[in-house]
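Novice:
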Amino acid sequence: MSYCVNCGVELDPSAKNCPLCNTPVINPSDLKTRQQPTPFPKEKGQVETVKRKDLGILLSTVVLATAVTCGILNAFVFQGTLWSLAVIGVCVILWVIMIPVVIYTKQSIYVSLLFDGAAVMVYLYMIAYMIQRDDWFYGLGMPIVLWVIFLSECFVLCVRKLPRSFLTVALYLFTALALLCLGLEFLIDLYLDGQAAFQWSAIVATVCVIVDIAIITLLSRRRLRNEVRRRLHF
Amino acid sequence: MEKGVRRDWYKLDLSAIVYPTLQRRDFSSVYRLSVLLKEEIDPRVLQQAVDMTLPRFPTYKAAIRKGLFWRYLEPNNRPGPFVQEDVKNPCQPMYFKANNRYLVKVYYYRNRIALEAHHSLGDGTGGMCVLQTLVAVYLRLLGHEEIENGGFVLDIGREPDPEELEDAYMRYANAKVRPPRPGEKTYRVRGTKEPFYTLNIIDGIMSVSQVMAVAKKYNATITEYLNAVLLYALLTKQEKDWHLRLRPVKIAMPVNLRRFFPSKTLRNFITMIYPGVDPRLGDYTFEEIVTQVHNYMRYYLNEKFLRGDITTNAATQKNPLIRVVPLFIKDFVVRMFYTKVQDKNSSAGLTNMGAIKVPEGMKPYIERFDIYMGQPFSSRTNCAIVSFDDILTINFASSIIEADVERYFFRKLVSDGIHVKIESNREITEE
């Protein structure tokens with residue numbers, strides 16, 4: 001039987017510290033390692049997750065029904081153009097975005113992003129097929145989607161794998177923004193004029209680079225970092 | 001069970017309406033009642049006892065469903081609830097759709113059986129009925145046939161009395177005037193929030209006769225005395241911490257209305273009173289705090305004031321304009337009101353279940369009872385008191401790392417000459 005020297009309360013034989021004041025319990029006449037049963041179990045419990053299967057089935061049915069109905073209407077009633085492709089494409093995108101949220105929640109974010117990109121590309125191709133012109137798809141649509149997906153994957157990779165703080169995320173974000181604008185102007189110019197010249201994107205990139213340099217300076221100087229943290233904490 | 005004999009759904013009672021709207025990913029209004037027996041628990045027999053006992057309590061063998069305007073309870077015939085080994089962090093959130101939609105859980109650990117229930121099913125008294133009936137059935141299955149029914153132990157062979165399932169608030173919400181609710185910002189305990197899934201428990205175990213003697217010295221009852229000690233602990237904490245200005249310190253204390261209004265209901269039938277002191281008026285000595293709490297209780301705890309309180313609470317639910325508002329808007333408004341007003345109205349919670357009585361035949365098998373108020377809504381500590389025979393247990397449940405309030409509380413008891421034994425699930429920090 002031990003008492004806390006600080007609080008004067010009796011402690012459980014298994015206690016190594018006083019739960020009230022954290023003072024260690026040392027009993028000079030009883031120094032052998034105590035293997036007493038504790039009054040509370042040691043294992044932590046996990047909260048059971050809610051299965052969203054029903055919601056997944058419901059949303060899938062809604063999306064599927066919309067797509068099929070439009071397809072049938074297009075095939076038999078309003079037969080003028082292939083307008084249903086626009087609706088079906090949107091349904092495909094919605095369903096693909098839905099997968100990680102309600103259907104398979106363990107899907108990694110990298111795979112989800114790839115699937116989202118693929119879905120958008122399929123949609124763009126459907127539009128190209130619908131209007132019977134696909135040069136813009138190969139020249140502009142597909143490269144831009146690929147570029148955006150590539151940048152998002154890199155951004156997620158940086159945020160997940162590299163040390164993360166408010167400043168580093170801002171750094172990745174501004175870098176990604178600069179690269180996105182440069183890529184966009186490059187691809188657009190290439191498609192329209194056949195040659196690339198950087199104009200507006202260069203301005204955006206300059207601003208982003210200045211911000212980046214400022215952030216890197218803050219990150220590399222501990223004193224500055226602490227100063228910012230001290231003055232801006234909320 | 002023939003069709004149509006039992007009702008197939010129940011309206012939520014007046015307090016039960018609030019608890020589901022406060023449901024968050026990391027918060028459910030879950031409380032825990034546990035009993036320490038004198039022998040190790042046999043989980044297989046316990047499961048059998050649960051299966052036999054729970055059908056007697058239709059409002060506990062239930063699931064919460066959403067209607068367009070209100071939530072309601074629906075009998076739940078899915079398999080379960082299954083007894084499970086106890087965990088270090090009890091009173092975890094209960095999601096309405098998880099756990100086969102059951103809102104009760106039964107745990108066992110060494111000699112202990114613990115019942116956790118969502119507050120929207122019923123209050124501590126109702127839960128105690130379920131727990132004691134379960135323990136009686138369990139002990140009878142082990143061969144202790146002599147245990148009789150009576151008190152909290154209900155006869156599982158009989159159909160439930162309709163009065164056990166009623167919303168007793170509505171029967172007594174008939175005062176002619178609606179007294180205003182108290183609304184004052186009180187002192188908030190500041191502390192470092194523990195991560196989700198952690199509940200810090202500190203149990204203090206002492207002798208009823210010792211506490212009674214000390215309380216008598218202050219001319220107070222045990223509840224008043226312990227209330228005063230908690231107020232004293234909170235006042236000390238406020239004083240020692242850094243603060244811009246002092247705030248009044250108040251305790252939210254549920255009152256069991258069955259003491260004042262006869263009802264056999266097993267659902268919620270409690271209301272809150274807020275004993276407190278205001279340090280801005282000057283420094284209180286401990287004796288003055290006791291007097292203040294004592295007088296407050298004498299003044300407010302009577303049938304008339306409590307009837308007014310029930311009427312105020314029921315008025316919102318009876319208002320036809322409020323009734324037709326869709327549930328999600330109600331949820332939003334209630335949650336806002338709760339976080340902005342109700343939750344700030346008290347610095348800590350304290351509940352006293354009083355002396356638990358069990359049938360004579362069951363007495364030799366029971367060591368003591370514990371009750372926990374569960375995860376606090378905001379970062380603070382909640383205190384629950386229960387006594388059995390000569391053992392009084394004070395159970396603190398908090399979601400913050402600092403144990404200052406608990407320390408001041410128990411040190412005060414020790415300095416008043418009470419012998420306190422402490423048990424805790426807190427992690428041993430080696431610094």
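Chain order of the listed sequences is A and B. Counting with full-length UniProt numbering, you get residues 1 to 234 for the letters of the first sequence. Counting with full-length UniProt numbering, you get residues 1 to 431 for the letters of the second sequence. Even glycine gets a Cβ: it sits at the ideal position worked out from N, Cα and C.
What is the C-beta distance between B:Val255 and B:Thr271, in whole angstroms, given that I count them as a contact (C-beta under 8 Å)?
Specialist: 6 Å
Novice: What's the call for B:Gly124, buried or exposed, on a 16-neighbour Cβ count within 10 Å?
Specialist: buried
Novice: Using a 10 Å radius around the Cβ and a threshold of 16 neighbouring Cβ atoms, would you call B:Gln132 buried or exposed?
Specialist: buried
Novice: Residues of chain B with CB under 7 Å from A:Pro39, in chain order?
Specialist: Glu423
Novice: On the CB-based measure, 16 or more other CB atoms within 10 Å of its CB, does B:Ser209 come out buried or exposed?
Specialist: exposed
Novice: Going by C-alpha to C-alpha distance, which of B:Val135, B:Leu14, B:Pro195 and B:Lys105 sits closest to B:Asn111?
Specialist: Nearest to B:Asn111 by alpha-carbon distance, out of B:Val135, B:Leu14, B:Pro195 and B:Lys105, is B:Val135.
Novice: Rounded to the nearest angstrom, what separates A:Asp54 and A:Leu182 at their Cα positions?
Specialist: 44 Å
Novice: Is B:Gly143 helix, strand or coil by DSSP?
Specialist: coil
Novice: For B:Lys363, which of helix, strand or coil comes out of DSSP?
Specialist: Correct three-state label for B:Lys363: helix.
Novice: Got a sec? Which residues, its chain only, sit under 7 Å from B:Ile322 by beta carbon, not counting five neighbours each side?
Specialist: Apart from the 5 residues on each side of it in sequence, B:Ile322 sits with its Cβ closer than 7 Å to the Cβ of Thr316 in its chain, given in chain order.
Novice: Using a Cβ-Cβ cutoff of 7 Å, what residues of the segment 376-409 of chain B are near chain A? List them in chain order.
Specialist: Going along the segment 376-409 of chain B in chain order, one finds Ala403, Glu406 and Arg407 with a Cβ nearer than 7 Å to chain A.
Novice: How is A:Ser84 classed by DSSP in three states: helix, strand or coil?
Specialist: helix
Novice: What residues from chain A crowd round B:Asp86, counting only those whose CB sits closer than 7 Å?
Specialist: Pro41
Novice: In the DSSP assignment, find the unbroken alpha helix (DSSP H) run with B:Arg44 in it and report its ends.
Specialist: Pro43 to Thr53
Novice: Given a cut-off of 8 Å on the beta-carbon distance, is the pair B:Thr192 and B:Lys344 in contact?
Specialist: no
Novice: Would you tell me roughly how many angstroms separate the C-alpha atoms of B:Lys216 and B:Leu73, rounded to the nearest one?
Specialist: 45 Å
Novice: Are the C-beta atoms of A:Gly56 and some chain B residue less than 8 Å apart?
Specialist: no
Novice: Measuring only between beta-carbons, confirm whether B:Gln210 sits less than 8 Å from chain A.
Specialist: no
Novice: Where do the N-terminal and C-terminal ends of the alpha helix (DSSP H) with B:Arg247 fall, by residue?
Specialist: Element bounds for B:Arg247: n/a, residue is neither H nor E.
Novice: Determine the burial state of B:Asn395: buried for a count of at least 16 other Cβ atoms within 10 Å of its Cβ, exposed for fewer.
Specialist: buried
Novice: How many whole angstroms separate the CB atoms of B:Leu22 and B:Arg335, which I take to be in contact at a CB cut-off of 8 Å?
Specialist: 6 Å
Novice: What did DSSP end up calling B:Glu159 once you bin it into helix, strand or coil?
Specialist: coil
Novice: Would you call the segment 391-405 of chain B and the segment 199-206 of chain B in contact, with 3 or more CB pairs under 8 Å?
Specialist: yes
Novice: At a Cβ threshold of 8 Å, is residue 432 of chain B touching chain A?
Specialist: Given a span of 1 to 431 for chain B in the structure shown, any question on residue 432 of chain B remains unanswerable.
Novice: Spatial neighbours of B:Leu350 within its chain, please: C-beta separation below 8 Å, excluding the five flanking residues on both sides.
Specialist: Leu226, Asn227, Leu230, Ile251, Ala252, Met253, Asn382, Cys383, Ala384 and Ile385
Novice: Report the CB separation of B:Ile41 from B:Ile113 in whole angstroms; it is logged as a contact under 8 Å.
Specialist: With 8 Å as the limit, B:Ile41 and B:Ile113 qualify as a contact, their Cβ atoms being about 6 Å apart.
Novice: Only counting the same chain, and skipping five residues up and downstream in sequence, which positions put a Cβ closer than 7 Å to that of B:Arg65?
Specialist: Closer than 7 Å at the Cβ level, and outside the excluded window around B:Arg65, lie Arg71, Tyr72 and Glu74.
Novice: If I measure Cβ to Cβ from A:Ser152 and keep anything under 7 Å in the same chain, skipping five residues before and after, which residues do I get?
Specialist: Within the same chain, A:Ser152 has close Cβ partners Leu113.
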